[in-house]
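Here full-length UniProt numbering is used: position 469 in the sequence shown is 469, and no number is missing along the way.
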Amino acid sequence: MLPKSAFDPQVNMSGLEVQVVEANKTSKKRKCVVNDLILKDFPFIRRGVKEHSAFCSLCEVTFTVGSGGRTSVVEHVATKRHKSSLIRESSNAKNLSAYLKTIVPDQSEINIALQEGTFAFHTVRHYHSFKSMDCTSSLVKKFMCSRTKVEAIVKHVIAPWAIAEAVEESNRASFVTILLDASNHCNTKLLPIIVRYVHVDAEKAVSIRNKIVDFVQITGETAEIIYTASFQTIKHLGLEHKVVAVSADNTNTNFGGLKRKGSNNVLAKMKEGLGKNILCLGYNAQMIHNSAHSAINSIPVDVEGLVVKIFGYFHIFTVRAEHLKEFCEFVGQEHKNILSYSNVRWLSLLPAIRRICENYAALKSFFLSEEKCPALLKKWFSDPCTYLWMNFVASTMPLFHDSILQAEGEEVTAVESCMILNILIQKLQARSDDKFIPISVRKLLPSLEEGGSCTQEEFLTISKDFYTTAVEYLTAWSSHSEDIRCMDCILLRTSPQRENFEECLQYFSSRVGGVGLSEDHLFDEISSLKEYVSKEKITKWNEDGADVCSRWSDVFAFFSQKMIPYPQLQKLVQLCLCLPGSSAAVERVFSSMNIMWTSQRSRLDIDTVKAMLAVQSNFAMDCQEFATKLESRRGLLSKVHSSEQYN
Numbered sequence: 001m002l003p004k005s006a007f008d009p010q011v012n013m014s015g016l017e018v019q020v021v022e023a024n025k026t027s028k029k030r031k032c033v034v035n036d037l038i039l040k041d042f043p044f045i046r047r048g049v050k051e052h053s054a055f056c057s058l059c060e061v062t063f064t065v066g067s068g069g070r071t072s073v074v075e076h077v078a079t080k081r082h083k084s085s086l087i088r089e090s091s092n093a094k095n096l097s098a099y100l101k102t103i104v105p106d107q108s109e110i111n112i113a114l115q116e117g118t119f120a121f122h123t124v125r126h127y128h129s130f131k132s133m134d135c136t137s138s139l140v141k142k143f144m145c146s147r148t149k150v151e152a153i154v155k156h157v158i159a160p161w162a163i164a165e166a167v168e169e170s171n172r173a174s175f176v177t178i179l180l181d182a183s184n185h186c187n188t189k190l191l192p193i194i195v196r197y198v199h200v201d202a203e204k205a206v207s208i209r210n211k212i213v214d215f216v217q218i219t220g221e222t223a224e225i226i227y228t229a230s231f232q233t234i235k236h237l238g239l240e241h242k243v244v245a246v247s248a249d250n251t252n253t254n255f256g257g258l259k260r261k262g263s264n265n266v267l268a269k270m271k272e273g274l275g276k277n278i279l280c281l282g283y284n285a286q287m288i289h290n291s292a293h294s295a296i297n298s299i300p301v302d303v304e305g306l307v308v309k310i311f312g313y314f315h316i317f318t319v320r321a322e323h324l325k326e327f328c329e330f331v332g333q334e335h336k337n338i339l340s341y342s343n344v345r346w347l348s349l350l351p352a353i354r355r356i357c358e359n360y361a362a363l364k365s366f367f368l369s370e371e372k373c374p375a376l377l378k379k380w381f382s383d384p385c386t387y388l389w390m391n392f393v394a395s396t397m398p399l400f401h402d403s404i405l406q407a408e409g410e411e412v413t414a415v416e417s418c419m420i421l422n423i424l425i426q427k428l429q430a431r432s433d434d435k436f437i438p439i440s441v442r443k444l445l446p447s448l449e450e451g452g453s454c455t456q457e458e459f460l461t462i463s464k465d466f467y468t469t470a471v472e473y474l475t476a477w478s479s480h481s482e483d484i485r486c487m488d489c490i491l492l493r494t495s496p497q498r499e500n501f502e503e504c505l506q507y508f509s510s511r512v513g514g515v516g517l518s519e520d521h522l523f524d525e526i527s528s529l530k531e532y533v534s535k536e537k538i539t540k541w542n543e544d545g546a547d548v549c550s551r552w553s554d555v556f557a558f559f560s561q562k563m564i565p566y567p568q569l570q571k572l573v574q575l576c577l578c579l580p581g582s583s584a585a586v587e588r589v590f591s592s593m594n595i596m597w598t599s600q601r602s603r604l605d606i607d608t609v610k611a612m613l614a615v616q617s618n619f620a621m622d623c624q625e626f627a628t629k630l631e632s633r634r635g636l637l638s639k640v641h642s643s644e645q646y647n
C-alpha cells in the first residue's frame, strides 16, 4: 500500500515570505523580501543592498520587490533587457547552466509526483484518452496532471523505464528469441519487435517474459526492410550474441516457404547478420487454422461462404432480423443472432457454424419462403445434404478449435505447441482409420439414404478426404519442428532421464550457434535433478496443475538451499523455455494498439503509441502494484515532478 503521506493534499506551494514592517503606531505595511525559494528558483537573483530590493547579476540592475515580491522578479525576467542579457550570456555554454532553473523537490512534491506517475500509468493501463485528463486535472487543483503532462510522463519517464527494464533483464538472461510480425494501421505499416526470455529472480522463481523493446514504422514488408529494422534494434540493445531463434508467420518473406530455402528471406538474412545458425519458429496456431481451412474445402458445401452470406443478409437489416424471429418462434427455436466470421480470425468459425446449426430450421424456412431469396442461399437450403455437412463440420471443428486455444497461450513453449500439434494429428488420423461418424451425422444419414441424397459410403469417402487433407497439411508444415519434441524432458512431466537431456543438448549444439553448454557439467547436475524429481514429486505437481515454470522454480529453490550448483541446467532451461509456441505476445500488442489508436484518437503519433504499448505490455500489473514499484525510485519521481521535462 502507498504511504499515507503520498496522498497528503497539504502541499506547501508558498514561495514568498512576508515581513511585517511597522510604519507607525496605528498602521502596518506588508513588504516582501527576497527569500530562499526565490534564490533557488532564480539563480541569477541576489539580495539587494536595501532590505526590500533584489539584484540581477545577469543584467547588473537593482529593482524593488517590496510591493510585488516574486511577481516583481517574474516581471523583470520578462523585460527586453533581461532577455537580451540572457542571449548574450548564453553564447558561453559554461555560464548558461548557472541561469537555468534548478528545483530539488521536497517530500510533499515527491508524493504528488508519485500520484501523477501512477495516474499516467492508470490512463494507459485502462485505455483512457489523454484528453480526458484535462477535466480531472482542473478538479484537483494540487494535482496538475492534464493531458499534455500525462502524455509527457508516459513518453519520457514510464515508457523508457519499461523498455530499459526489459533490456536489462534480457541481457541478464542467457538466451532470447525475437518475435516479429507486421501489421497496418490505415496506410501505415508497423513492426513491433518483442524479445522473449526466461527470468530467474533472487528467490529462484522462474518466469517467461515477453517484452516489447521497439515499435517502428516501416515502408514495406519485404525481407530486407523487416530484417534491417529488427537487426538494428537487436544490435542497438546488444542482444546479437543471445539470439537463438526468430518467431514469425509461416510466409515466404520470413522463412522462405514450406521448404525453408532461399536467401531472400528474414531468416537467411538474420543468420548472415548474426554470423551463426538460429532456429525458425512458425506459428502452430496458424498452421492448425490453415489446415482446417484446407480440409473444409474438400467437402461439397462451401461452409465458409454459407456463414459469410447468411451473416451479411441479416447484419444491418433490422426488418429481416425481426422477420427471422417470427420463424424461430414458429418452429419452436430460441432466436440467437447470427455470428460473423473472418478467415483471419482463427477461433471465429466454430461459434458461427454452431449458431447456424442451432437456428437451421428457422433459417431454412425463412429463406425458402423469401420471394427474392439470393440464388446461392436458396440452392444451399434446398439441398438436404447441406445440414449434414454443417453438422459434420460443427462436430469436427472442436478438434482444431481446442488445439488453437491450447497453443495460443502467451507462455506456451515451442515443445508444448509441437506436442499439441502431434496430438491433433493423431486424433484426426484415428478418426479417419476408424471411419468415425459423429452422432449428429449418424442421425441424419438414414433419411438421406432413403431419399437418395447421400449414402454412408459417400459420406465416409468425403470425410476421409477431409481428414487426410488436414493431416497432410499439418505434417508438411510441422516437419521442420519435429525434432523440437526431443525437448519434452524439460517439461518435467515424467522422471528425468539423462539420455533425454543429452539428446536435447545435441539438438541445440547442431542447430544453434554459440550455445556454450558443457555436457560434462550438465551430467553431474542431472544426477542431482534425478534425486530431487521423484515419481511422487511429479504426481504432486500433476495434481496441483503446476506449469513448467513452477516446477523449475521448485527445483532451483531446492538446489540453492542445498548449495547444489546448477549453472548448466539453468542455461538449458532458459534455452528451451525462451522458444515460443505461438504468436500470442505479438497479437496482444496489435489488439492493444487497435483499442488505443482509434479514429477518435487519430492524432496520436508513432512515438506516443510506442510508449503506450511499452507501458501496456511490459508492466502487466495493476495500478497499486505499479505505485509500489514507482515509490522506491526517487530519480524517476524527480523526473515526473520536473517541469523542464515537459517544455
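Beta carbons: idealized from backbone N, C-alpha and C, even for Gly.
Check your understanding: Hey, glycine 68 and histidine 52: beta-carbon distance below 8 Å or not?
Key -> no
Practice item. Going by CA-CA distance only, name the one from Lys435, Ile316 and Gln456 that's closest to leucine 444. Key: The residue among Lys435, Ile316 and Gln456 with its C-alpha nearest the C-alpha of leucine 444 is Gln456.
Review point. Going by other Cβ atoms of all chains shown within 10 Å of its Cβ, with 16 needed for buried, is proline 192 buried or exposed?
Key: buried
Review point. Can you tell which of Gly220, Ala113, Asn35 and Ala584 has the C-alpha that lies nearest to the C-alpha of alanine 414?
Key: Ala584
Review point. Would you report the Cα separation of valine 246 and alanine 627, rounded to the nearest angstrom?
Key: 35 Å
Check your understanding: Just checking my contact of residue 673 with isoleucine 163 at CB under 8 Å: how many whole Å lie between their CB atoms?
Key -> Look at the range of the chain in this structure, 1 to 647, and you will see that residue 673 is not part of it.
Exercise for review: Go to asparagine 210, then tell me how far its beta strand (DSSP E) extends in each direction, as first and last residue.
Suggested key: Under the DSSP assignment, asparagine 210 falls in the beta strand (DSSP E) whose first and last residues are 206-218.
Check your understanding: Anyone know if the C-beta pair for phenylalanine 327 and phenylalanine 366 falls short of 8 Å?
Key -> A distance below 8 Å separates the beta carbons of phenylalanine 327 and phenylalanine 366.
Check your understanding: What residue range is occupied by the uninterrupted alpha helix (DSSP H) comprising proline 192?
Key -> Unbroken run through proline 192 is the beta strand (DSSP E), 188-200; no alpha helix (DSSP H).
**Study point:** Simplified DSSP assignment, three categories, for serine 247
**Key:** strand
Check your understanding: With respect to 7 Å, is the separation between the Cβ of valine 213 and the closest non-hydrogen atom of the ligand SAH below this value?
Key -> Questions concerning the ligand SAH fall outside what the structure shown contains, since it holds no ligand whatsoever.
Check your understanding: Which one of Gln574, Trp541 and Val533 has the shortest CA to CA distance from phenylalanine 559?
Key -> Val533
Check your understanding: What is the DSSP secondary structure of phenylalanine 392, counted as helix, strand or coil?
Key -> helix
Check your understanding: Where does cysteine 32 sit, in a helix, a strand or coil, going by DSSP?
Key -> Judged by DSSP in its simplified three-state form, cysteine 32 adopts strand.
**Study point:** 4 or more residues per run - each alpha helix (DSSP H) lying fully within the stretch 414-458
**Key:** 414-433 and 439-451
**Study point:** Supposed close pair residue 697, lysine 309 - CB separation, criterion 8 Å
**Key:** With the chain covering 1 to 647 only, the question about residue 697 has no answer from this structure.
Point to revise | Classification of glutamate 168 by the beta-carbon crowding that lies within 10 angstroms, buried from 16 upward | key: exposed
Check your understanding: Got a sec? Which residues, its chain only, sit under 6 Å from alanine 557 by beta carbon, not counting five neighbours each side?
Key -> Lys204
Point to revise | Residues sharing a beta bridge with histidine 185, DSSP | key: Thr188
Check your understanding: Quick one: Cα of leucine 637 to Cα of phenylalanine 255, how far?
Key -> The alpha-carbon separation between leucine 637 and phenylalanine 255 amounts to approximately 45 Å.
Review point. Bridge partners of isoleucine 53, per DSSP?
Key: Before going further, note that residue 53 is serine rather than isoleucine in the sequence given. Answer by DSSP bridge pairing, in chain order: Thr64.
**Study point:** For isoleucine 338, three-class secondary structure by DSSP
**Key:** coil
Check your understanding: From this set, Ile595, Arg588, Asp607 and His128, which residue's C-alpha is nearest asparagine 618's C-alpha?
Key -> Arg588
Practice item. Assuming methionine 390 and valine 471 form a contact by the criterion Cβ under 8 Å, report the distance between their Cβ atoms to the nearest whole angstrom. Key: Going by Cβ atoms, the distance from methionine 390 to valine 471 rounds to 22 Å, so no, they are not a contact pair.
Check your understanding: Between the C-alpha atoms of serine 291 and leucine 428, what's the straight-line distance to the nearest angstrom?
Key -> So the two alpha carbons sit approximately 11 Å from each other.
Review point. Would isoleucine 110 pass as a contact of histidine 641 if the rule is Cβ separation under 8 Å?
Key: Yes, these two residues count as a Cβ contact at 8 Å.
Review point. Rounded to a whole number of angstroms, what is the C-alpha to C-alpha distance between asparagine 500 and aspartate 383?
Key: Going from the Cα of asparagine 500 to the Cα of aspartate 383 covers about 55 Å.
Review point. CB-CB under 7 Å to leucine 58, same chain, minus the five flanking residues each way: which ones, in chain order?
Key: Phe44, His82, Ser85, Leu86, Glu89 and Tyr99
Point to revise | Reduced DSSP category for cysteine 59 - H, G, I as helix; E, B as strand; rest coil | key: Cysteine 59: coil per DSSP, three-state reduction.
Point to revise | Alpha carbon of aspartate 433 to alpha carbon of leucine 460, nearest angstrom | key: 11 Å
Exercise for review: Mind checking which residues open and close the alpha helix (DSSP H) that includes valine 586?
Suggested key: For valine 586, the enclosing alpha helix (DSSP H) starts and ends at 584-596.
**Study point:** Residue environment, threonine 386, which counts as buried when at least 16 other CB atoms sit within 10 Å
**Key:** It counts as buried.
Check your understanding: Is DSSP giving leucine 529 helix, strand or coil here?
Key -> helix
Exercise for review: Taking only the alpha-carbon atoms, compute the straight-line gap between leucine 368 and phenylalanine 314 and give it to the nearest angstrom.
Suggested key: Using only the alpha carbons, I get a separation of about 15 Å.
**Study point:** Residue interval of the alpha helix (DSSP H) (run including arginine 511)
**Key:** 498-511 is the span of the alpha helix (DSSP H), which, as asked, contains arginine 511.
Review point. Since valine 195 contacts isoleucine 178 with CB under 8 Å, what's their CB separation in whole angstroms?
Key: 6 Å
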